[in-house]
Amino acid sequence: MKPISVITGLTLALGLAAPAAAQQVLASNPQSVVDYFFQAGVPAQLTTDSVGDPLVEFRVDADTYQVFFYDCTDNSDCLALQF
241 MKPISVITGL TLALGLAAPA AAQQVLASNP QSVVDYFFQA GVPAQLTTDS VGDPLVEFRV
301 DADTYQVFFY DCTDNSDCLA LQF
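The numbering used here applies: residue 241 is where the sequence shown begins, and numbers increase by one.
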């Protein structure tokens with residue numbers, strides 16, 4: 241068996257043995273970001289920023305963090321996010 245075939249076979253086997261992936265986090269779906277934090281045990285709140293775009297706020301220990309959404313159309317259908 242060629243070395244490349246062994247590597248390919250192992251990669252495929254490991255990929256198939258991996259647990260199912262959780263729901264995707266998408267900028268176009270702000271609730272998916274909140275759900276991600278909830279599943280990680282971090283309370284998060286979906287709100288809006290000063291221009292009405294989605295904003296997710298969460299706390300870790302004593303620190304507050306925000307997830308900003310960008311390239312939104314009419315305050316929805318965002319294309320990007322930034323922590």
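Don't be surprised by glycine CBs; every beta carbon is placed ideally from N, CA and C.
A quick note: this is a predicted structure, and the numbers were derived from the prediction, not measured.
Assigned exposure category for A302 - 16 Cβ within 10 Å defines buried | Numbered from its first residue, the sequence shown carries residue 302 at position 62. Under this definition A302 is an exposed residue.
State the Cα-Cα distance for the pair Q271 and A284, rounded to the nearest angstrom.
-> Counted from its first residue, the sequence shown places residue 271 at position 31. Counted from its first residue, the sequence shown places residue 284 at position 44. Roughly 10 Å between the two C-alpha positions.
S290, DSSP secondary structure in three states | Locating residue 290 in the sequence shown gives position 50, counting from the first residue. It is coil, neither helix nor strand.
Determine the extent of the alpha helix (DSSP H) in which Q322 is found, giving its start and end residues.
-> Counting from one through the sequence shown, the residue named residue 322 turns up at place 82. Looking at the DSSP string, Q322 is not in any alpha helix (DSSP H); the run it does join, the beta strand (DSSP E), is 320-322.
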